[in-house]
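S.K.:
Protein chains: 2
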Amino acid sequence: MADTFEFESDRAYGRIVELIFGGAVDPAKPLSERKLSERLGIGRMPVREALRKLEREGVVEVKPARGTFIRTVSADDLTEVYELRESLECLATRRAAMRGPSPALANCGARLRVMGRDPSAFTSREIDDVGTEFHDALIESAGSTPLEEMVRFMRMRFRLAFHLPRYFAHELVAEILLEHIALFEAIANRSPDTAEDLMRAHLRRGLQIRLDLDRSSPNLQKLTSRPKENIE
Amino acid sequence: MADTFEFESDRAYGRIVELIFGGAVDPAKPLSERKLSERLGIGRMPVREALRKLEREGVVEVKPARGTFIRTVSADDLTEVYELRESLECLATRRAAMRGPSPALANCGARLRVMGRDPSAFTSREIDDVGTEFHDALIESAGSTPLEEMVRFMRMRFRLAFHLPRYFAHELVAEILLEHIALFEAIANRSPDTAEDLMRAHLRRGLQIRLDLDRSSPNLQKLTSRPKENIE
DNA sequence: ACTGGACGACTGGTATACCAGTTACAAGCA
DNA sequence: TGCTTGTAACTGGTATACCAGTCGTCCAGT
């Protein structure tokens, strides 16, 4: 029962993430522990904890006596982060292909195949969700606790760089779906080299998409804006 | 002048790291914010901040109402951790070889060359110190902040896995020195492929050394213990 | 001797108050 | 007008006190 217990700081974290990525705050202006506290109706200490967590995740930068600033990412950073991602996730892919898919990955792969037969029958959201699940299951399939932990950290730490608006054009989503299916087949066939190459191409393509996106709308925060809460 | 300002929480962090990796605390027993605070003569809040930082670095695990536990790495994880290390440090090596050595790395390389001409003229410790510095400078030479941060996290989180007794037989240290020199030359020559291959071999050899060591003395933590401070 | 439950001494989580830096701005001087 | 300067309203950092969980221990009842 203690598992379901939730602390104020967790709630604060979720709310602040919504504010930042939901575009309800101006990224140029510093956040303030006290103002957030008042706005969210949560004590200052939990808010502070949440901000420290976001700081470690690279989302925010705390400057003592000056304020807490929302960080942005440069195109150079994006490229370097994706290089990092390539290094780790290709390793995971190779390992997964040598061991074969885990039950979760197999399940995911089956659903991808179904979707691949007629992508137009599914919404972008449905396809995208399975895609996310696929990436997670793949990491788990690698069967290396340290690697899994490392990837989790990377995703958290460079969250801003990985952040994408949830739904693209259906056409693009369908293409990505096909890439996932090809990847899955390579893993199921125990072809480490093929799988690794596919993953590398997949991720590089992802970087391009992300870079284009960054070029077209520098302030990425606005893209998913659902400012459902403004003042409380 | 504000740059040199140091907070209590920074001091607490340093001291706690010393305690944990210096072997002055029993890894099996939980740490306590209050006891650490009293022991270090630092307030509880800075100690708490430091522990949260260590938690995000994967060194420690906080269990509410139960305690703060030091995380360990199992011997089984060793191979996987080194695989991880290979993935990241080879990437760094490749990048460094493409960009050429940074001033710090060049300086380090020059000293390595001098030592390489007559290793017997130097102590194991001297050679080993420059070797450590070499690895650090190499990461910095890669010129990728995300990568550098990731490597730092990895070394911290799996510090126990990387942990080696400081001084081996001089003969072995001299061999490692030669590997470092070869690596440096490849980087200075801007030969990414050669450098990457050398690094891979270097790290795999390191894993073998570490595995042999683990076989001969399972409780590796004790090896560097210098419990210079116990109570304050 | 054994079991069950209450009590007390812990744990981390949070609230409040205060501290020391930083910054913006307005009043006063050149 | 333009620059200096001091003050007031911020900022995050820290101390202290108290809260609610957890868990060992010890005693009562079997």
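For the record, the sequence lines run as chains A and B. According to the UniProt record's numbering, the first sequence is numbered sequentially starting from 1. According to the UniProt record's numbering, the second sequence is numbered sequentially starting from 1. Every residue, glycine too, gets a C-beta built ideally from N, C-alpha and C.
1) For R210/B, which residues in the same chain have their Cβ closer than 7 Å to its Cβ, ignoring the five residues on either side in sequence?
2) So, helix, strand or coil for K35/A, using DSSP?
3) Taking beta-carbon pairs under 7 Å, can you tell me which members of the region 77-97 of chain B lie near chain A?
4) Report the option in E8/A, R205/A, S216/A and A186/A whose CA atom is closest to the CA atom of L99/A.
5) Beta carbon of L160/A, beta carbon of G58/A: below 8 Å?
6) I'd like to know whether the C-beta atoms of L203/B and A182/B end up nearer to each other than 8 Å.
7) Using DSSP's beta-bridge definition, name the partner residues of K63/B.
8) Is it true that the region 25-45 of chain B meets the region 121-132 of chain B, where meeting means three or more beta-carbon pairs spaced less than 8 Å apart?
9) For E175/A, does the three-state DSSP call read helix, strand or coil?
10) Quick one: which residues of the region 137-158 of chain B get their C-beta closer than 8 Å to a C-beta of chain A? List them in chain order.
11) With a threshold of 16 other CB atoms inside 10 Å of the CB of P63/B, please say whether the residue is buried or exposed.
12) Mapping DSSP to helix, strand and coil, what is K53/B?
13) Using CA coordinates, which residue listed in M154/A, I20/A, T132/A and E6/A is at the minimum distance from residue 234/A?
14) Beta-carbon within less than 7 Å of residue 246/A's beta-carbon, same chain only, minus the 5 sequence neighbours each way: which residues are those?
15) Check distances from the C-beta atoms of the UniProt domain "HTH gntR-type" (6-73) of chain B to those of chain A and list, in chain order, the residues that come in under 8 Å.
16) How long is the line joining the alpha carbons of S37/B and A188/B, rounded to whole angstroms?
17) Considering only C-alpha positions, which residue in the set H180/B, F122/B, E196/B and E149/B is nearest to R56/A?
18) Can you check which of these residues, L19/A, A96/A and F153/A, is closest to R39/A by C-alpha distance?
19) L138/A and T93/A - do their beta-carbons sit closer together than 8 Å?
20) Based on Cα-Cα distance, which residue from G14/A, I42/A, P119/A and P101/A lies nearest to A169/A?
21) Assign K53/A to one of two classes, buried (16 or more other C-beta atoms within 10 Å of its C-beta) or exposed (fewer than that).
22) Relative to the C-alpha of C90/B, which candidate in R34/B, P103/B and S191/B has its C-alpha closest?
23) Within a Cβ cutoff of 6 Å, which residues of the same chain sit near L31/A, ignoring the five residues on either side of it in sequence?
24) Mark F7/B as exposed unless 16 or more other C-beta atoms lie within 10 angstroms of its C-beta, in which case mark it buried.
25) Hey, does L220/B have any beta-carbon neighbour from chain A nearer than 8 Å?
26) Around the C-beta of P103/A, are 16 or more other C-beta atoms found within 10 angstroms, so that it is buried, or is it exposed?
27) According to the neighbour-count rule (16 or more other Cβ atoms, all chains shown, within 10 Å of its Cβ), is I231/A buried or exposed?
28) Is the beta carbon of V47/B closer than 8 Å to that of E33/B?
29) What residue from V130/A, L207/A, T145/A and E171/A has the CA that sits closest to F162/A's CA?
30) Tell me whether the beta-carbon of S87/B lies closer than 8 Å to the beta-carbon of L178/A.
31) Just the C-alpha distance for V130/B and A174/A, rounded to the nearest angstrom, thanks.
32) Do R195/B and A106/B have their C-beta atoms within less than 8 Å of each other?
33) For P101/B, name the three-state secondary structure that DSSP assigns.
34) When you compare the CB positions of M154/B and L84/B, do they come within less than 8 Å of one another, or not?
M.R.: With the given structure in hand:
1) L78 and L164
2) helix
3) D77, E80, V81, E83, L84, S87, L88 and L91
4) The sequence shown places Arg at residue 99/A, rather than the Leu named in the question. Residue A186/A is the option with its Cα nearest to R99/A.
5) yes
6) no
7) G67/B
8) no
9) helix
10) S144, T145, P146, L147, E149, M150, F153, M154, R157 and F158
11) The displayed chain sequence assigns Lys, not Pro, to residue 63/B. Exposed, because fewer than 16 other Cβ atoms sit within 10 Å of the Cβ of K63/B.
12) helix
13) With chain A running from 1 to 232 in the structure shown, residue 234/A is simply not present.
14) Shown here, chain A extends from 1 to 232; a query on residue 246/A therefore has no answer.
15) F7, E49, R52, K53, R56, G58, P64 and V73
16) 48 Å
17) E149/B
18) L19/A
19) yes
20) P119/A
21) buried
22) S191/B
23) T68
24) exposed
25) Its pLDDT being 47, under 50, L220/B is placed unreliably in this model, and the value from its coordinates should be taken loosely. Not closer than 8 Å to any Cβ of chain A, the Cβ of L220/B fails to qualify, so no.
26) exposed
27) With a pLDDT of only 25 at I231/A, under the threshold of 50, the placement of this residue in the model should not be trusted, and no figure is reported.
28) yes
29) L207/A
30) no
31) 52 Å
32) The sequence as given places Ala at residue 195/B; Arg does not occur at that position. No, they are not a contact pair.
33) coil
34) yes
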